[in-house]
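There are 2 protein chains.
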Amino acid sequence: MNKKGGYKKGVAIFDFILRLAAIVTALAAAASMGTSDETLPFFTQFFQFQASYDDLPTFQFFVIAMAIVAGYLVLSLPFSIVAIVRPHAAGPRLLLLILDTVALTLNTAAGAAAAAIVYLAHNGNASANWLAICQQFGDFCQKVSGSVVASFITVVILVFLVVLSALALGRH
Amino acid sequence: MNKKGGYKKGVAIFDFILRLAAIVTALAAAASMGTSDETLPFFTQFFQFQASYDDLPTFQFFVIAMAIVAGYLVLSLPFSIVAIVRPHAAGPRLLLLILDTVALTLNTAAGAAAAAIVYLAHNGNASANWLAICQQFGDFCQKVSGSVVASFITVVILVFLVVLSALALGRH
Numbered sequence: 001m002n003k004k005g006g007y008k009k010g011v012a013i014f015d016f017i018l019r020l021a022a023i024v025t026a027l028a029a030a031a032s033m034g035t036s037d038e039t040l041p042f043f044t045q046f047f048q049f050q051a052s053y054d055d056l057p058t059f060q061f062f063v064i065a066m067a068i069v070a071g072y073l074v075l076s077l078p079f080s081i082v083a084i085v086r087p088h089a090a091g092p093r094l095l096l097l098i099l100d101t102v103a104l105t106l107n108t109a110a111g112a113a114a115a116a117i118v119y120l121a122h123n124g125n126a127s128a129n130w131l132a133i134c135q136q137f138g139d140f141c142q143k144v145s146g147s148v149v150a151s152f153i154t155v156v157i158l159v160f161l162v163v164l165s166a167l168a169l170g171r172h
Numbered sequence: 001m002n003k004k005g006g007y008k009k010g011v012a013i014f015d016f017i018l019r020l021a022a023i024v025t026a027l028a029a030a031a032s033m034g035t036s037d038e039t040l041p042f043f044t045q046f047f048q049f050q051a052s053y054d055d056l057p058t059f060q061f062f063v064i065a066m067a068i069v070a071g072y073l074v075l076s077l078p079f080s081i082v083a084i085v086r087p088h089a090a091g092p093r094l095l096l097l098i099l100d101t102v103a104l105t106l107n108t109a110a111g112a113a114a115a116a117i118v119y120l121a122h123n124g125n126a127s128a129n130w131l132a133i134c135q136q137f138g139d140f141c142q143k144v145s146g147s148v149v150a151s152f153i154t155v156v157i158l159v160f161l162v163v164l165s166a167l168a169l170g171r172h
């Protein structure tokens, strides 16, 4: 019984550390996408060429979703601490598992949608006659791609968190 | 103890029924996307206007991912039956929870990426100079949109399955 409690405490501490890492990557994803805009150094009489994340609705959704995920992760820290202090209580662990699953779904949706658009921006599509815009807006594309990568790292951490919670629950 | 076993058996039967529903929606999504193509009734000397799911890499990924999810769900049925027969065994429930989470992530990624492209096909984007293609390819767009909706229904069912498994594990 004592050994089992130690195992659970270890899982709970690991859970807390993973949560801190996920907060960092989620914030990095939101911030790097939210500050991405690029203005080209040449302009015509009528307009200046500019690319910003809020030109594309998918990227706006990405920023909002990643901010929500980061906010949820911060709010989940106290529950993670409760799980460390009381490793045998199933309640907080169950709550975290269910809310983590919802956050995982939101995060995956935001990351995948943004990745689809970033792919299009890099490669374009000949059939639909959509041209690649990354030749012109190189810095913008680079920043946006980095932000998608950060969101996928958050996805991987969240999957780990769900699996950890499930393992801790199954050991009752 | 007996009442608890009854509760768990009920959860396991509900789990089995939800799994059957998810198989149907996942197959519907894959099949409806996989058979989507439209040839316009007019053509020039050089080519015929045609839209098909394999013109867009995101839609190809969608078909493959939804087929994998449907295949996984079929293979998971025996484990669900084991959970009905032996409601107190934590092993199959834990296995299903972890694999369901992975399937959920794959399914959400496919659905969200396809949704981002479908949105673009419907509305286009003025800043990136991508034009909407749904005016010309109305039937194609309708079929593809339906298939995205079916994949999101599968996502909702999978979230339910994960939550159910978590609740059954937490009641140990």
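Which chain is which? The protein sequence lines are A and B, in order.
The letter at position 13 of the first sequence is residue 13 when you use full-length UniProt numbering, and the numbering goes up by one with no holes.
The letter at position 146 of the second sequence is residue 146 when you use full-length UniProt numbering, and the numbering goes up by one with no holes.
Even glycine gets a Cβ: it sits at the ideal position worked out from N, Cα and C.
Just so we're clear, the structure is a prediction, and the values are computed from it rather than from any experiment.
Alpha-carbon to alpha-carbon, residue j and residue i
i	j	result
residue 33 of chain B	residue 105 of chain B	19 Å
residue 119 of chain B	residue 68 of chain A	22 Å
residue 159 of chain B	residue 99 of chain A	10 Å
residue 166 of chain A	residue 150 of chain A	25 Å
residue 87 of chain B	residue 152 of chain B	30 Å
residue 131 of chain B	residue 111 of chain A	23 Å
residue 89 of chain A	residue 83 of chain A	7 Å
residue 157 of chain B	residue 22 of chain B	6 Å
residue 140 of chain B	residue 134 of chain B	8 Å
residue 162 of chain A	residue 93 of chain B	14 Å
residue 95 of chain A	residue 56 of chain A	35 Å
residue 65 of chain A	residue 121 of chain A	21 Å
residue 63 of chain A	residue 113 of chain A	12 Å
residue 125 of chain B	residue 136 of chain A	16 Å
residue 78 of chain A	residue 12 of chain A	12 Å
residue 41 of chain B	residue 60 of chain A	38 Å
residue 146 of chain A	residue 58 of chain A	16 Å
residue 25 of chain B	residue 108 of chain B	14 Å
residue 36 of chain A	residue 30 of chain A	10 Å
residue 91 of chain B	residue 142 of chain B	43 Å
residue 73 of chain A	residue 6 of chain A	25 Å
residue 123 of chain A	residue 138 of chain B	25 Å
residue 85 of chain B	residue 9 of chain B	8 Å
residue 80 of chain B	residue 171 of chain A	20 Å
residue 52 of chain A	residue 53 of chain B	29 Å
residue 50 of chain A	residue 101 of chain A	37 Å
Endpoints, alpha helix (DSSP H) assigned at residue i
i	result
residue 141 of chain B	138-170
residue 111 of chain A	90-123
residue 135 of chain A	No alpha helix (DSSP H) contains residue 135 of chain A, which DSSP labels as neither H nor E.
residue 57 of chain B	57-85
Burial state of residue i (16 or more Cβ within 10 Å)
i	result
residue 154 of chain B	buried
residue 17 of chain B	exposed
residue 97 of chain A	buried
residue 127 of chain A	exposed
residue 144 of chain A	buried
residue 129 of chain A	exposed
residue 1 of chain A	Residue placement at residue 1 of chain A is poorly supported in this model, since its pLDDT is 48, which falls under 50; the coordinates are not used for a value here.
residue 148 of chain A	buried
residue 75 of chain B	exposed
residue 39 of chain B	exposed
Any C-beta of chain D under 8 Å from that of residue i
i	result
residue 15 of chain B	Absence of chain D from the displayed structure is noted, the protein chains being A and B.
Supposed contact pair residue j and residue i - C-beta distance, whole angstroms, cut 8 Å
i	j	result
residue 14 of chain A	residue 164 of chain A	7 Å
residue 103 of chain B	residue 116 of chain A	With a Cβ gap of about 20 Å, residue 103 of chain B and residue 116 of chain A do not count as contacting.
residue 27 of chain B	residue 70 of chain B	5 Å
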